[in-house]
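There are 4 protein chains.
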Amino acid sequence: MRKRRVAVLGATGAVGQAFIRLLADHPWFELAELAASERSAGKRYSDAAHWLGGEIPATVRELTVVPCDPAAVKAGIVFSALDSSVAGDVEQEFARDGRLVVSNAKNHRMAPDVPLIIAEVNPEHLALLETQRVRRGWEGGIVTNGNCSTIAFVSAIAPLHRAFGLRRAIVTTLQAVSGAGYPGVPSLDALGNVIPFIRDEEEKIEEETRKFLGVLDGDAVAPAAVMIGAQCTRVPVENGHTICATLDFENQPSPEDARRVLCEWRGADVARGLPTSPERPVVLRDEPDRPQPRRDVDTGGGMSTVVGRVRQDPVFGGIRLVAMAHNVMRGAAGAAVQNAELLVAGGLLPEP
Amino acid sequence: MRKRRVAVLGATGAVGQAFIRLLADHPWFELAELAASERSAGKRYSDAAHWLGGEIPATVRELTVVPCDPAAVKAGIVFSALDSSVAGDVEQEFARDGRLVVSNAKNHRMAPDVPLIIAEVNPEHLALLETQRVRRGWEGGIVTNGNCSTIAFVSAIAPLHRAFGLRRAIVTTLQAVSGAGYPGVPSLDALGNVIPFIRDEEEKIEEETRKFLGVLDGDAVAPAAVMIGAQCTRVPVENGHTICATLDFENQPSPEDARRVLCEWRGADVARGLPTSPERPVVLRDEPDRPQPRRDVDTGGGMSTVVGRVRQDPVFGGIRLVAMAHNVMRGAAGAAVQNAELLVAGGLLPEP
Amino acid sequence: MRKRRVAVLGATGAVGQAFIRLLADHPWFELAELAASERSAGKRYSDAAHWLGGEIPATVRELTVVPCDPAAVKAGIVFSALDSSVAGDVEQEFARDGRLVVSNAKNHRMAPDVPLIIAEVNPEHLALLETQRVRRGWEGGIVTNGNCSTIAFVSAIAPLHRAFGLRRAIVTTLQAVSGAGYPGVPSLDALGNVIPFIRDEEEKIEEETRKFLGVLDGDAVAPAAVMIGAQCTRVPVENGHTICATLDFENQPSPEDARRVLCEWRGADVARGLPTSPERPVVLRDEPDRPQPRRDVDTGGGMSTVVGRVRQDPVFGGIRLVAMAHNVMRGAAGAAVQNAELLVAGGLLPEP
Amino acid sequence: MRKRRVAVLGATGAVGQAFIRLLADHPWFELAELAASERSAGKRYSDAAHWLGGEIPATVRELTVVPCDPAAVKAGIVFSALDSSVAGDVEQEFARDGRLVVSNAKNHRMAPDVPLIIAEVNPEHLALLETQRVRRGWEGGIVTNGNCSTIAFVSAIAPLHRAFGLRRAIVTTLQAVSGAGYPGVPSLDALGNVIPFIRDEEEKIEEETRKFLGVLDGDAVAPAAVMIGAQCTRVPVENGHTICATLDFENQPSPEDARRVLCEWRGADVARGLPTSPERPVVLRDEPDRPQPRRDVDTGGGMSTVVGRVRQDPVFGGIRLVAMAHNVMRGAAGAAVQNAELLVAGGLLPEP
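Residue numbers (this note's numbering), protein chains in the order written: chain A, 4 to 355; chain B, 4 to 355; chain C, 4 to 355; chain D, 4 to 355.
Spelled out as structure tokens, the structure:
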């Protein structure tokens, strides 16, 4: 199959770099254009970006950065790693201009006609894209993934919700510094420390989860009636958000039942076999001291959510567990690339 | 006042060293003897211990380590920093021999006739010491402090419990590596990682809290009817356990009410003004990103519990908060020294 | 004695905060004014500063920040924690206006008529202040301390240079992140990493050392003929620069001789007994694995340089050693405050 | 080609686990047996080992651990990850029994008839194996790689030595915690700290380097006349030893000449194209702030040594540079596996 040309908006930042690593050698997409702020536009990518990984892939090193403007970008599919301070308008301009914007930014996630998707969890919500196009008169459109910690949480609990009906959840997150981008968290804040606050993060978990777990009803998603209380902390970990959750269900499962459901979960059919989909969206570990971000973050190429310590909860009579996922892969750039693959597989994109 | 001679059992370990730092220049106690395992006995202390701090206090550097045997230790008050593998028997031998054992070990904490004390929270439980002496026919006795993460938790929520009646609590801990002693946590486990498991820790929090908050009824403590679910994690922090708690009360307070109670809390009268007591047992921080272990761990000489992010909890309709305390000071050696001071102030020790 | 009123320029940054901690309760100085950039001027200090330590000292919390302008600052002694991008001009304005500027900034350090001082090492260089005043027609003046890693190095080797004549030195530094200020080093660069580059740092060590060790000759300092090769690295340590040095001397000492000289060193007479002077400017440790920043950084209130591993060097036949000092105290704010004390003690300041 | 059956001695430790990761899917070797101490023998490998990585390779998970005894191990090639406390004797027993021992242990490295090999640097030293067999009457034999920090250093400077004749070197190492194995360095020693001492490490660098760079002369290696002074430190980095070196040559090269030589270096012909050999044994980075362990440690599959900051040295008039290599791969297990491949490629092993 001929590869589809794609662009990355916000290509010099930390998430933009993650997109580049994922797309530099992608079987379905050809990374043809890199767009960034005016300050970077016109420069060679290797001069414009403070590259955080080992080496810049050879195929993009010499690309000239273009501005984040539909007039300057030709690709029909654009991945947005834009900062939320600019993503709102720029993404709309691209969508209005007929591009399919696959976005990691938070700006449009909660709009009623914008799909908020985890490929294995709620691919049917992609139907909102048609609503969006009709309502807004766009040929293009915007598809979003969730916030990194929400994705880690929802990936782990979605199969349990489906089986037992989640009612309430109390979660504490221990989030990696890469979630704040670069330069992000100063080392004087991070080294040997815990910061018990991440702006807007708790609200995102509480709201986005209800949309992810919601039911498509005509041209809207009815949010799930799940009550969530989140406390978010930053810990000195490079990659991998850890989530300690206490879960209350309509039909309280035994820990064995919960483990079985997690173990058997393979995600929505349409998401299986996509290039970025892991074999198992949830990997259950039985050891008492797992998951651990340093050791488990690359499970399934960074796209699996690793779950452990599935036990009875004495307060609700529900389930306690610990989930961990790679915040940059499973929680950001990898999720977006997988969403784009889902669009291709679902025939929602014109032929290249 | 003449100082009372005291000894430290388990003087070479991490908690033992903390006792030494606290007692080297104490106004009421004279650190006269250091006891440790047979391997160390007979050596000069500076040769026996792998000292973890800056410099060994001059007054103990040259002391000869003696065995943990009542025949070898003369002091009437002995602080126990013994490992739980030996503390059970050794502490009983000392108590039987007429010594007052002020212990940080877990072995006897939950025995019905052993006081489990936080000086500011439940000093009246010291009355169990008399029961213990009568029941066991001892002239000495054993008084304990709690597990380090339990103390941090209980110190923060005791005033709220007293005011509003705690019913349920869901807590996640982010614990410092010093809580595991030395050598303790291998750096390959700790660096840039989270370990979501600390053996027996969750059980201790769930059980000890009920005893701490219990009511003295005749010669026993009736445990508080509080249901607690704990998830304990280790994070790469040197000192300071952080606790994210969601609290459900009989009479749900508003966040303002909760803050007011915490702000006004000065602890039990008898604990005020003890040499190790901080001016404020709970220090409330209003900044959205506090408490932080690196920045707040030494508040009140390491004896204050710092609380922040007091907010409404959407799940129970109760209160969410973050508490942080120095696990070695407030949570271990400092708590024990303060307990000994309480015994002195309460006239529960014979004159020196 | 009546305290002298002092001001801090650049009071909101990391070094400015260190000045505040040192001056909030100083026996000779009264911290009366805080100056910072236009952005902060007019605000309450507690609103203007992102305070990095535990709590802002009560005495400064409510002070209103003034601009860094001689017209807005009244104090006769001003401590400069200004960034080098502005320190050059601002410090001159204050000096021209009759103020004594005690500066931590790099801008004027290497000017021939500006004293570059470590109180225990080369207090006689303060004589340059008179030259400066005459030459520039100033009533005030500028006195500087060195770069943080230079001070750590020079403090350790000055007594050896004096005794044996240093000719060549090869040094590798392992520097703490606080040396880069706040926000400074991003945590994604620092966590679990070594960065083998600190801009301009190697040049500073190579040049400033020669001036520190130089001999006052009339109205100038003749730089010492010492050849230095430095490699500077950043390591994930909060405070404390570690320096591995290989030293070649005119008269090669034995390790025993070197240790003896270091052990007996008390620094220049005039520096002894100043409020900020440690009892021992160099503390020699005999353990094979010391100094360590985490354990030794607060030695002498953070003002001692701790030296260990003094051994023969097989390449030059000289001496190898490891030195470590607190980069914010001994290497920055503490050094400046000590320099101001030296000026007071030497009668170089008018009566308050 | 049929794969040769191999065993790993000391299979449960950190280096043993690295061997397993390298050999689990090796094109030339079949990992057939795992041997460890008596305590582990008889257990399933997954029960015997505290696995440090993500998941144990499926092919070894169920293997039963056997004792480190030639009677219990059948393979003709055995990789030794044994601790030096037992490696001396055990390796000799295997060699005497006709096995080819490819060892990472230090015990036999400096024996005159034992090859100490870096495949790209001195493969011709393998000729010592014949001397060893003759002299000791063994059919098997022992081949060793160097200490992890020595390998990182020698890999970087060998091409320069060959071109310009190294005479003197002063090196400071910043070593990762994984170099100490597991449990290894306690986190209370490592977190936010530098430990300026690693037992025996400096001696190994000083001695092994001379053997690596030595010239094979008949049946012995004449050590190179290079004088080395090393200072070794431990830093809180997981993997990757960083080395700051100052180098003095017979024919002092310009930095450009040194860079050209490093850039063109491809290693000895016989080492090229081995399964574990990287395309470039030395990767030169031009950015001022590289190499960095976190970002560069996996260069060349962890088998390249990354070099940067090649500059003139003002003290000798030679060259300064910074080198970094993966201590477990390039510096230990990877080096040994590559050595075994070299033996196969050189026909020094009987057909499988």
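Beta carbons are placed, not taken as given, at the ideal position from N, Cα and C, and that holds for glycine.
Asked: Give, in chain order, every unbroken run of the alpha helix (DSSP H) that is at least 4 residues long and sits entirely within the region 41 to 97 of chain B.; Found: 48 to 51, 61 to 64
Asked: DSSP three-state call for C:Ala233: helix, strand or coil?; Found: strand
Asked: Just the Cα atoms here: how many angstroms apart are B:Ala183 and C:Pro199?; Found: 33 Å
Asked: Could you give the first and the last residue of the continuous beta strand (DSSP E) run that contains D:Leu177?; Found: 169 to 178
Asked: Roughly how many whole angstroms lie between the Cα atoms of D:Val63 and A:Arg139?; Found: 57 Å
Asked: Starting from D:Met230, find everything on chain C with Cβ-Cβ shorter than 8 Å and list it in chain order.; Found: Pro317, Val318
Asked: Secondary structure at B:Leu250, three-state DSSP: helix, strand or coil?; Found: strand
Asked: Is it true that the CB of C:Asn107 sits closer than 7 Å to the CB of C:Val18?; Found: yes
Asked: Does D:Pro118 get closer than 7 Å to chain B when you measure Cβ to Cβ?; Found: no
Asked: Can at least three beta-carbon pairs, one atom from the region 122 to 133 of chain D and one from the region 342 to 353 of chain D, be found at a separation below 8 Å?; Found: yes
Asked: Start and end of the beta strand (DSSP E) containing D:Ile145?; Found: 144 to 147
Asked: Is A:Leu356 close to chain B? Criterion is C-beta to C-beta, closer than 7 Å.; Found: Absent from the model: residue 356 of chain A. The displayed extent of chain A is 4 to 355, so no value can be given.
Asked: Compare the Cα-Cα distances from D:Glu205 to each of C:Gly13, C:Val93, C:Thr15, C:Arg314 and report the closest residue.; Found: C:Arg314
Asked: Return the Cβ separation of A:Ala122 and A:Val331 in integer angstroms, given the expectation that the two are a contact with Cβ distance under 8 Å.; Found: Not confirmed; about 17 Å, so no contact.
Asked: Along the region 184 to 210 of chain C, where does the CB come closer than 8 Å to a CB of chain A? Name the residues.; Found: Tyr185, Pro186, Gly187, Val188, Pro189, Ser190, Leu191, Asp192, Ala193, Leu194, Gly195
Asked: For the beta strand (DSSP E) that contains A:Ala35, what are its first and last residues?; Found: 32 to 39
Asked: Counting only Cβ pairs nearer than 8 Å, list the residues of chain A close to C:Leu55.; Found: Leu191
Asked: With B:Ser190 as the anchor, note down where its alpha helix (DSSP H) starts and where it stops.; Found: 190 to 193
Asked: Going along chain C, which residues have a C-beta under 9 Å from D:Ile154?; Found: Ordered by position in chain C, no residue passes the 9 Å Cβ test against D:Ile154, which lies about 18 Å from the chain.
Asked: How should A:Val309 be labelled, buried or exposed, when 16 other C-beta atoms within 10 angstroms of its C-beta is the threshold for buried?; Found: buried
Asked: Please report the distance separating the alpha-carbon of B:Lys207 from that of A:Trp268.; Found: 34 Å
Asked: Can we say the region 322 to 337 of chain D touches the region 287 to 305 of chain D, given the rule of at least three CB pairs closer than 8 Å?; Found: yes
Asked: Would you kindly work out how many angstroms separate the C-alpha atoms of C:Ala356 and C:Val93, rounded to a whole number?; Found: In the structure as shown, chain C starts at 4 and stops at 355, and residue 356 of chain C therefore has no counterpart that could be examined.
Asked: Assign D:Gly182 to one of three DSSP states: helix, strand, or coil.; Found: helix
Asked: DSSP three-state call for C:Arg202: helix, strand or coil?; Found: coil
Asked: When you check each C-beta in the region 284 to 305 of chain D against every C-beta of chain A, which residues fall closer than 8 Å?; Found: Arg297, Arg298, Asp299, Asp301, Thr302
Asked: According to a CB-to-CB cut-off of less than 9 Å, which residues of the region 238 to 254 of chain D neighbour chain B?; Found: Pro239, Val240, Glu241
Asked: Taking 8 Å as the threshold, find out whether the region 239 to 258 of chain D comes into contact with the region 168 to 187 of chain D through three or more Cβ pairs.; Found: yes
Asked: Do you know offhand how far A:Met113's Cα is from A:Ser87's?; Found: 13 Å
Asked: Looking only at C-alpha atoms, which of A:Ala78, A:Gly57, A:Ser43 sits nearest to A:Val2?; Found: Because chain A in this structure spans residues 4 to 355, residue 2 of chain A falls outside the shown range and cannot be described.
Asked: Strictly under 7 Å for the Cβ-Cβ distance: is B:Val69 near chain A by that measure?; Found: no
Asked: As an exercise, report each continuous alpha helix (DSSP H) stretch of at least 4 residues that is fully enclosed by the region 244 to 332 of chain D, in chain order.; Found: 258 to 267, 296 to 299
Asked: Between the region 184 to 194 of chain B and the region 184 to 191 of chain D, can you find at least three pairs of beta-carbon atoms closer than 8 Å?; Found: yes
Asked: Would you mind telling me which residues of chain B sit closer than 8 Å to D:Val180, beta carbon to beta carbon, in chain order?; Found: Ser190, Leu191, Leu194
Asked: Return no unless some Cβ of chain C is closer than 7 Å to the Cβ of D:Val63.; Found: no
Asked: CB-CB under 8 Å to D:Ser280, same chain, minus the five flanking residues each way: which ones, in chain order?; Found: Ala122, Glu123, Gly270, Ala274, Met306, Gln341, Glu344
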